[in-house]
Each structure stands twice: as structure tokens, then as C-alpha cells.
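Since the structure comes first, as C-alpha cells, the remarks are kept for the end.
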Amino acid sequence: MAMRVFCQMQSENQYKPDSVTMISFIQASAAILTSCGAEIAHGFIAKLGLNSETQVMNSLIDAYAKKKTGFIEKARSLFMQMGNFRDQSSWNIMIAGCGMNGQRREACELVSHMEEDGYRPNSITFTSLLSSCSHSGLIEEGTACNFCNHVQVHS
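The UniProt record's numbering applies: residue 1 is where the sequence shown begins, and numbers increase by one.
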């Protein structure tokens, strides 16, 4: 339904999609299409000049990172291109994406880079990192990493 409404919006030419529309489109296209869903959304984002919208790019990175067909490199490339537009969510999305794709070391390295960039890891970062280690069968290693040494977990 969301895809149909988006197509209708495009055909009527009187409405220009904004960042909220594109985030919805990304989520809908990534959910129902194969690996091309994120690429279609990416094309629209570029065409509309929304490449500097942090939430739009975060949504696109998330869509690429969740694809089972090896789109983590595309997600990483977009993440790097974001530069100063990155926020806490950008880092957490990329850490989670690496974890989902079995890239535990990269996820841990991202935590260090995140701190260098001025962002303090939070509970989402911690959960993503533990999940990353879990996907690799390395729970003990996940709890022993540098990140865990400066995070207090409250029960």
C-alpha cells in the first residue's frame, strides 16, 4: 500500500516527497522488495537532494545493512560519506549492521571510532555489540571488550 501511494504521489507531480516520506518509502521498499528495494530508494534520495538528511541516510544505511545479500559494504560506504552528518543513531545502526553481518571486529572498532568522534556509547550500542559477538558465538569476548569497561549497566 505504501509503495502504491508513493507511486501515485509521483504520478500526480504536485507533491514533492520530503524526508518523512522517503523514510517511509525506504522502510516499505526494503520490506517488500529484494535487494533492489534500498537501491530504488537510494536513487530517489539522490534525485530529491536528501543525501544530507541524517535520518533519511540512517534509514537507508539500516536498509542496506539488513540485507542478507552482502550489502554491508554499501551501508559502510554511505556511512563514511555522511561525515559530519552522522549522529548517535548513525553509529549504532552501523555497529548493529556489522554485527548482523558477522563482522564483530569491525563493530568493536566502530565503537572506538564513535568515541573519537565525540559520541558516548549508550545502551543501544552495548546491545548491538553484544548481539554482534553473539552472532559470532563470542559472548565472553563481547563482555571483555574495552567498551564494556566504561559502561555501567543498571538492572
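All C-beta atoms, glycine included, are put in the ideal place defined by N, C-alpha and C.
Quick caveat, the model's predicted, so the values are computed rather than measured.
Can you look up residue i in the DSSP assignment and give me helix, strand or coil?
i, result
"Ser-132", "helix"
"Gln-152", "With a pLDDT of 44 at Gln-152, under the threshold of 50, the modelled position of this residue cannot be trusted; read the value that follows with caution. Three-state DSSP puts Gln-152 in coil, outside helix and strand."
"Leu-50", "coil"
"Tyr-15", "coil"
"Gly-43", "helix"
"Met-94", "helix"
"Gln-10", "helix"
"Asp-87", "coil"
"Phe-126", "helix"
"Tyr-64", "helix"
"Met-3", "helix"
With a threshold of 16 other CB atoms inside 10 Å of the CB of residue i, please say whether the residue is buried or exposed.
i, result
"Met-22", "buried"
"Val-111", "buried"
"Asp-117", "exposed"
"Tyr-10", "At residue 10 the sequence reads Gln, which differs from the Tyr that was named. Exposed, because fewer than 16 other Cβ atoms sit within 10 Å of the Cβ of Gln-10."
"Val-5", "exposed"
"Gln-14", "exposed"
"Glu-53", "buried"
"His-42", "buried"
"Arg-120", "exposed"
"Gln-103", "buried"
"Gly-37", "buried"
"Cys-7", "exposed"
"Val-153", "Residue placement at Val-153 is flagged as unreliable, the pLDDT there being 41, under the threshold of 50; the coordinate-derived value follows with that caveat. Label assigned to Val-153: exposed."
Is there a Cβ of chain C sitting closer than 8 angstroms to that of residue i, yes or no?
i, result
"Ile-124", "You won't find chain C in this structure, because it holds only one protein chain."
Kindly give me the distance between the Cβ atoms of residue i and residue j, rounded to whole angstroms, as I take these residues to be in contact under 8 angstroms.
i, j, result
"Asn-92", "Ile-124", "5 angstroms"
"Asn-58", "Ser-90", "5 angstroms"
Pairing CB atoms from the segment 54-68 with CB atoms from the segment 92-101, are three or more of them under 8 angstroms?
yes
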